[in-house]
Each structure stands twice: as C-alpha cells, then as structure tokens.
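With UniProt numbering, the residue at position 466 of the sequence shown is 466, and numbering never jumps. Just so it is clear, CB atoms sit at the ideal spot from N, CA and C, and this is done for glycine as well. Worksheet for the structure shown next.
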Amino acid sequence: MSAPAAPRGPFPVNGLVAGYVVVAVAAGLGRWWSPAGASLLLGLATAVVLAAAPVLYPVRDAAGWLALAASAVLFTTVDVIYPLPSAPVHLVDVLYVPVYALYVVALRRMTRGVARSGDFWDAGVLAAGLVVVLVLLTLTGRASRADARNLSLLYPLADLVILALSVRLTMVSRRPSAWLLIAAAIWLLASGFVTALSADPVADWLYQTLRTGFLACWGLAALWPPPQRFGADGELDRGPRVWLFALVVLLVPAGLLIQAARADHTRGMVVAVACAAAGMFVVARLGAAARATATDPVTGLMVLPVLLTDARAQLAAGKDPTLFLVELDQFHVVSETVGRRGADEVLRRIARQLVRAAGDARVARGSLERFAVLADLPAAEGAGDRLAAGLAAAVARPMIVDGQRVHPAYSLGYATAATGDVDDLILNTEVALHAAKNAGPSARIAYHPGLRETGRQQAMLIADLREAIGGGQLLLEYQPIAVLADGLIVGFEALVRWQHPRLGRLGPDRFVHLAESEGLIGDLGAWVLSQGVAGAVTLNTAAGRPVFVDINVSPVQFGPRLTQDLHHALTGHAVDPAMVVLEVTETMLGSDRQWLAGELGKLKATGARVAVDDFGTGYSSLARLRDLPVDIIKIDRMFVSGLTPGAPAQMIAGILQIAASLDMDVVAEGIEQTTERDLLAELGCRLGQGYLYSRPIGLAQAQAMILAGPLIR
1 MSAPAAPRGP
11 FPVNGLVAGY
21 VVVAVAAGLG
31 RWWSPAGASL
41 LLGLATAVVL
51 AAAPVLYPVR
61 DAAGWLALAA
71 SAVLFTTVDV
81 IYPLPSAPVH
91 LVDVLYVPVY
101 ALYVVALRRM
111 TRGVARSGDF
121 WDAGVLAAGL
131 VVVLVLLTLT
141 GRASRADARN
151 LSLLYPLADL
161 VILALSVRLT
171 MVSRRPSAWL
181 LIAAAIWLLA
191 SGFVTALSAD
201 PVADWLYQTL
211 RTGFLACWGL
221 AALWPPPQRF
231 GADGELDRGP
241 RVWLFALVVL
251 LVPAGLLIQA
261 ARADHTRGMV
271 VAVACAAAGM
281 FVVARLGAAA
291 RATATDPVTG
301 LMVLPVLLTD
311 ARAQLAAGKD
321 PTLFLVELDQ
331 FHVVSETVGR
341 RGADEVLRRI
351 ARQLVRAAGD
361 ARVARGSLER
371 FAVLADLPAA
381 EGAGDRLAAG
391 LAAAVARPMI
401 VDGQRVHPAY
411 SLGYATAATG
421 DVDDLILNTE
431 VALHAAKNAG
441 PSARIAYHPG
451 LRETGRQQAM
461 LIADLREAIG
471 GGQLLLEYQP
481 IAVLADGLIV
491 GFEALVRWQH
501 PRLGRLGPDR
511 FVHLAESEGL
521 IGDLGAWVLS
531 QGVAGAVTLN
541 TAAGRPVFVD
551 INVSPVQFGP
561 RLTQDLHHAL
571 TGHAVDPAMV
581 VLEVTETMLG
591 SDRQWLAGEL
601 GKLKATGARV
611 AVDDFGTGYS
621 SLARLRDLPV
631 DIIKIDRMFV
641 SGLTPGAPAQ
651 MIAGILQIAA
661 SLDMDVVAEG
671 IEQTTERDLL
681 AELGCRLGQG
691 YLYSRPIGLA
701 QAQAMILAGP
711 LIR
C-alpha cells in the first residue's frame with residue numbers, strides 16, 4: 001500500500017473550512033438576535049461537514065463520523081424547539097436520548113482498538129470522581145431557573161459520560177482532531193452545568209456561547225485531517241492528557257468553592273478542597289502511567305511492551321490472540337542506499353502499510369528492523385495465513401524514497417496463543433520468525449511444535465559455526481571453468497565447505513543463510529575472500545598463465561567492510577587483481593540501480609572483476625546490466641540442463657549476442673552432457689562449467705588438474 005491518500009484537493013477542503021468558520025462566527029453573533037436561526041444555521045453546517053469527513057479524508061471509521069452527523073441534526077432540532085413557548089418539555093427530553101446515544105456510538109467507533117486494560121479505568125476514575133461532585137451539588141441544593149425541570153441535573157451527568165469516553169481519544173492520538181473532540185465534550189459539560197445551576201441572563205448568554213463552541217469544535221474536528229482510525233497507529237500521548245485531566249478534575253471543585261464562598265458554606269468549601277486533592281491524586285496516577293508508556297519516535301507506533309500488555313489482557317480475558325513478528329531483511333542495505341532519513345521514511349511507510357493491512361489488529365514497532373502485530377482472529381481455518389499474507393504483501397511493496405527504488409525484504413513468523421502465558425506466545429513467535437529467516441528471503445512461517453526441535457538444532461549449528469569460522473573447520477573446493485572448444489582450464493569457482501566434527505561435510509546451503517541471519521557473514525566472507533585470493537595465487541603459479549578464481553559474495557556482505565576485506569586480501573597476496581572475480585547473485589540486481597552501481601564500482605576499483613551468477617532466474621535483464629560494471633554473465637543451470645535446439649537455445653543465443661555487444665564474457669553453468677556442451681559451443685558460448693568436467697575438488701587436486709592439461713571429454 002502506498003501512503004494514505006491525500007484529501008480530495010486543496011480548494012474544496014480549504015474552501016469548506018473557510019466557509020464553515022464564517023458560518024460559525026455568524027451563528028455565534030446571530031444568537032443575540034435569533035437564537036433559533038443561529039442554531040439551525042450552525043447545526044446544519046456542522047452536520048454537513050461531519051458527514052463529509054469520510055469523503056474528504058481516508059478515514060477508516062466512517063460510521064463514527066456519520067453517527068456524529070446524525071447526532072448533530074437531532075441536537076440542532078432540540079435547540080430550535082427548546083426555546084418555543086409551546087414546546088412540550090418531555091418531547092425535548094425524549095429527543096435528547098438519541099442525541100446522546102448516537103454521540104456514544106460515534107465515540108465507541110472511533111476508539112475501537114484502544115487498549116482497555118488501563119485507559120478505560122483511568123477514564124472511569126475521572127467520571128466517578130466527577131459524579132461524586134455532582135451528587136454533592138444536588139445535596140447542597142441547586143439554583144432554580146424559571147424553566148427548571150426535574151431532569152435538569154441528568155444532562156451534566158450524561159455529559160460526564162461523554163467526556164469520559166472522549167478522553168480516551170487523547171490517550172491514543174496527538175492529532176488536533178482528537179483534541180477538538182475533547183474540547184467539544186468540555187464545552188458540552190460546561191453548558192450542562194450552566195443550565196442546571198443558574199438562571200440569570202448572563203448564564204443564558206454563556207449557555208448559548210458554549211453551545212456554539214461545542215458545535216464549532218465538532219465541525220473543525222471533521223475538517224482537520226483526522227487519523228485513519230483513532231488508535232490505529234498506536235500513538236500514545238503523555239504530558240498533554242495529564243494536564244487535561246488536571247483541568248477537568250479541578251473545574252467542578254473550583255466552581256463548588258465559589259458557590260460555597262458566596263453562600264458562606266464552610267462545609268461545602270471543605271468538601272471542595274477534598275475533591276480537588278482527590279482529583280490531583282488521580283492526575284498523579286495518570287502522570288505515572290503516562291511515563292510508563294512509550295511511542296516509537298520514528299513511526300508513531302506503540303512500542304512492543306505496550307502491545308504485550310494488551311496481549312496479557314486478552315489472555316486474561318480467555319482469548320487466544322495471534323502474534324506476528326515481521327523483520328526486515330538486509331535493512332542495512334536500504335540504509336546505505338537512501339541514508340538515515342530515507343531509511344526512517346521507509347520505516348514510516350511500512351508502518352502505515354502494516355496498519356492498513358492489519359485492519360482491527362494492533363501494530364507496534366519492536367526494534368530497529370522489527371514490527372509486531374497482535375490480532376484477535378476468528379476461529380475460521382486459515383485466518384492467520386490470510387493475515388500473514390496481507391502483512392507480507394504490505395511490507396514487500398516496492399517504493400520510491402528520495403528518488404531511489406526500494407524493494408523491502410522480510411521474514412515473518414507468527415503463532416497463536418496455546419496457553420495463557422504471554423511468554424510462551426512470544427517464544428513460539430520468535431521460533432517461527434527464526435525458521436522463516438532460515439528459510440530464505442521473504443519467507444513466512446506459522447509456528448508448530450516441530451519448530452522447537454528444529455530451532456534447537458539450528459541454535460546448536462549456529463554455535464558450532466561461530467567456532468568453525470576461526471577454528472579451522474572451513475575449507476574451499478574448486479570447480480573448473482573451461483573453454484568449451486578445447487577444454488582448456490581458464491578459471492575455477494571457489495565453493496566454501498564446512499567439515500563439521502559431528503555432521504560431516506556440509507555444503508553452503510546448510511550454513512551460509514545462518515551466517516547471514518546471525519551476523520556472521522562478515523567474518524565468514526572475509527575468510528572466503530582471503531582463502532580464495534590465496535588459492536588464485538597457487539593456481540596461477542601452477543598454470544604459469546592467467547587463471548581466474550570466482551568467489552561468491554552474499555548480498556548481506558555489501559557495505560564498507562566488503563571493500564576493505566577485498567583490498568586487504570589483494571594486498572596480502574601477490575596476484576593480478578583481474579584474476580579475482582566476485583560473483584553476485586542475480587537477485588542483487590533488484591536493488592536500487594544507482595546504489596548497486598556504486599557498490600560494484602568500489603569493488604571494480606580494486607582491480608577485481610564482477611560476475612552475475614544464476615542469470616535468468618530473477619530480476620535481471622541485459623538492458624539493466626548495461627548500466628552496471630559487470631564483466632561476466634553466468635547462465636543458470638536450469639537453462640542448460642537437457643538443452644536441445646528450440647526456445648531455450650534461442651534464448652541463450654540472444655543472451656550471447658547482446659552480452660557480446662556489451663563486451664561481457666558468458667559462462668554456462670551445470671553442463672553435464674557432451675550434447676549440452678556441443679550445442680552451447682555452436683551457439684557461440686565460449687566458457688562452461690559443470691560435472692561434465694569435474695565436481696568441486698580440493699586445491700591440491702585443482703593444481704594437478706591444471707598440470708594435466710585440457711579437459712577433453
């Protein structure tokens with residue numbers, strides 16, 4: 001997914017904002033002359049912009065904004081009917097019920113996905129404290145109004161519930177739209193207390209002003225770009241919400257103090273001070289809770305500990321949540337391509353894409369290259385697989401950052417809670433993620449019990465590999481590369497092997513991916529480079545003529561260290577650098593072209609040559625190779641095995657023709673039959689390797705093979 005869509009155009013949005021502000025100001029002034037007309041004008045305008053919010057912006061909770069629009073229509077109807085002398089009092093009260101019901105529905109929709117474990121109780125404490133003050137007000141007597149009704153004090157009580165729900169918006173978002181909705185709830189609460197406690201003309205004017213401010217905050221919240229879903233990005237506000245609690249908690253005790261002082265009610269003053277002290281204890285508790293939470297500063301997502309708190313709450317409620325861990329592979333390559341700021345932008349975009357793909361699930365950032373998703377999935381079979389596929393697609397989507405094309409790679413592991421222990425859930429998910437990393441690039445794996453044993457064995461193998469790199473257990477074998485026409489050996493491909501003390505000789509497919517995933521590839525690659533260059537010296541000396549050695553380079557090795565290790569290996573041995581060929585896999589060509597050209601250029605600057613291995617299996621095209629400093633193309637064995645005249649041969653002929661125009665050599669891999677060799681030679685391919693000539697052999701055997709002369713088969 002790309003970044004969230006922009007508004008439908010600056011003119012419609014800006015024009016609507018300007019028009020709404022004019023209407024709000026006119027309504028505020030108009031209440032002096034025609035309260036009913038001003039209410040109707042502002043109410044209808046507010047309903048229109050609330051209903052337009054899902055159209056103007058890519059919000060996920062359209063139903064919440066539409067519910068607010070419906071509430072605004074009913075609210076306006078009541079405001080117009082209320083001043084009429086013939087208006088039935090009970091009709092007004094009845095109409096207010098759906099007003100508040102729709103308001104509650106809207107707030108509940110907007111706060112879906114918010115952690116219930118702590119914020120709900122904090123809001124509940126606030127509401128309970130204010131209700132106590134309200135009860136005290138009823139006990140000490142309420143001011144009378146000419147039109148006072150028996151239910152007048154129920155409206156502030158309902159407003160308190162609205163405020164308690166609205167406060168939860170600021171607990172999960174720092175967006176202005178959230179604060180405007182909070183402000184609306186405060187204005188509504190204030191108007192309710194003014195209605196209940198006073199009847200003088202100044203209070204009526206204040207009541208009208210507060211109602212205008214309430215509707216205006218609603219409208220501006222809709223016009224200010226809201227988040228796609230409150231709480232979806234996991235933003236946790238801290239300091240500001242504490243001051244909001246302090247303000248709200250102290251408002252009513254302050255009013256009670258003033259009322260008590262005017263009436264000389266010493267007992268009321270004591271109660272007010274006690275309420276204020278209790279309120280500040282609540283604020284202190286919220287301050288401590290806020291400091292305990294955290295938001296990732298780059299992506300705006302919640303951090304992993306917050307997500308795990310929610311997981312514990314779900315487990316305690318008897319649910320079986322599913323935890324997904326997504327780790328970005330080779331992210332250091334992205335950082336080196338686009339720089340630190342560009343890498344941060346990549347992370348932000350991936351975070352937004354994950355939030356969109358996750359739906360109602362919660363997303364957190366776990367570490368520099370890791371994200372976590374917690375989902376309460378339905379019991380339907382395959383629900384986890386479907387969400388995993390969606391998350392994988394969201395992460396892997398290519399993007400352009402600072403003019404550079406980025407292809408994110410990932411590993412994804414997930415597990416569903418099998419016990420009530422969140423630690424087991426984390427461990428199982430980690431095991432699945434580790435299995436995905438071992439499975440290769442962009443793999444996703446669900447946890448199953450067998451992975452524990454596989455993981456244990458892999459952990460032992462990793463520990464053994466750490467010792468093997470510096471412990472003399474690694475060795476290189478060499479497979480000859482010959483001229484197809486006469487069998488003359490012109491080079492060798494160096495292939496690393498591990499002579500494991502317990503498992504015997506292991507090929508690179510058993511341990512190179514472990515070195516990549518565990519951060520050992522730098523040390524392993526440096527050893528291979530050093531030994532490969534030393535082998536080139538030995539083979540050139542034995543042949544008495546130029547013989548090159550191909551050395552495989554992992555994509556994970558690319559960076560400053562690779563160039564340094566190559567330079568160190570070349571300067572430490574007396575060999576022509578052109579006799580050292582560095583093989584990169586074709587999948588590397590899917591990286592950013594400018595970055596890759598720069599990295600390959602650094603290697604070429606040492607005098608070494610560059611070959612593209614496994615050509616034809618992945619991203620590359622000859623047109624793309626034209627812009628890269630490549631010397632040799634190695635055609636993958638899948639095109640050579642069983643080669644006969646026809647389409648495959650025609651494709652190879654095309655590769656050979658264009659490669660010749662680019663002054664590149666071509667080596668055909670995997671030759672096992674003389675018919676394959678002969679047809680390749682007829683097509684114009686000069687070099688080849690494969691079991692027809694020899695399996696990979698030790699260095700001493702390679703020397704003997706060179707001395708024996710051409711490989712005639």
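What span of residues does the alpha helix (DSSP H) with F639 cover, start to end?
637 to 640
Smallest Cα separation from L529: which of F511, I658, M579?
M579
Per the DSSP calculation, P305 is bridged to which residue(s)?
None; P305 has no bridge partner.
Secondary structure, alpha helix (DSSP H): runs of 4+ residues fully inside the segment 545 to 590:
560 to 571
Could you check whether the Cβ of P98 sits closer than 8 Å to any Cβ belonging to chain D?
Note that chain D does not occur in the displayed structure, where there is just one protein chain.
Going by DSSP in three states, V298 sits in which element: helix, strand or coil?
coil
Would you mind listing the alpha helix (DSSP H) stretches within the segment 435 to 503 that are 4+ residues and don't spill past its ends, in chain order?
450 to 470
Any 3 or more C-beta pairs closer than 8 Å across the segment 416 to 435 and the segment 475 to 486:
no
Beta-carbon separation of G670 and G690 under 8 Å?
yes
Less than 8 Å separating the beta-carbons of E336 and G559?
yes
For T674, is the classification buried or exposed, using 16 other Cβ atoms within 10 angstroms of its Cβ as the cut-off for buried?
exposed
Output yes or no for whether 8 Å exceeds the beta carbon distance between D550 and G491.
yes
Taking just the CA atoms, how far does L189 sit from A146?
For A146, the pLDDT reaches just 40, beneath the cut-off of 50, and the residue's location in the model is therefore unreliable, leaving the point undetermined.
Starting from E682 and walking both ways along the alpha helix (DSSP H), at which residues does that stretch end?
674 to 683
Tell me the residue span of the beta strand (DSSP E) that contains Q404.
404 to 406
Rank A392, A379, H332, A343 by C-alpha distance to the C-alpha of L354 and give the top, closest one.
A392
When you compare the CB positions of A494 and L488, do they come within less than 8 Å of one another, or not?
no
List in chain order: all unbroken alpha helix (DSSP H) runs of 4+ residues lying wholly within the UniProt domain "GGDEF" (319 to 449).
331 to 358, 383 to 396, 422 to 439
How close, in whole Å, do the beta carbons of L49 and L223 come, if the pair is a contact with beta carbons under 8 Å?
Per the sequence presented here, residue 49 reads as Val, with Leu not at that position. Their Cβ separation, rounded to whole angstroms, is 6 Å, which keeps V49 and L223 in contact under 8 Å.
Does DSSP put A611 in a helix, a strand or coil?
strand
C-alpha gap between E469 and V556, whole angstroms
In the sequence as displayed, the identity of residue 469 is Ile instead of Glu. Approximately 17 Å, taken between the alpha carbons.
Quick one: Cα of L680 to Cα of A463, how far?
44 Å
So the candidates are V80, R609, M651, L107; which of them puts its Cα closest to the Cα of L95?
V80
If you run the structure through DSSP and keep just helix, strand and coil, what is A704?
helix
Closest by C-alpha distance to T322, when choosing among E345, A383, W527, R352:
A383
Residues in its own chain within less than 7 Å of V533 by CB, not counting five upstream and five downstream?
A569, L570, H573, V575, V580
Nearest by alpha-carbon distance to K319: which of N540, R340, D376, Y100 is it?
D376
Among A45, G43, A69, which one has its Cα closest to the Cα of P54?
A69
Count the other CB atoms within 10 Å of the CB of M588; is the residue buried (16 or more) or exposed (fewer)?
buried
For the beta strand (DSSP E) containing A668, list its first residue and its last residue.
665 to 668
Please report the straight-line C-alpha distance between residue 714 and A439, rounded to a whole angstrom.
Since the displayed the chain opens at 1 and closes at 713, residue 714 lies outside it and no answer follows.
Going by beta carbon distance, what residues of the same chain come within less than 6 Å of N428, once the five residues before and after it are set aside?
A415, Y447
Please state if the CB of A358 and the CB of V338 are separated by a distance shorter than 8 Å.
no
If you check the beta carbons only, do E516 and N552 fall under 8 Å apart?
no
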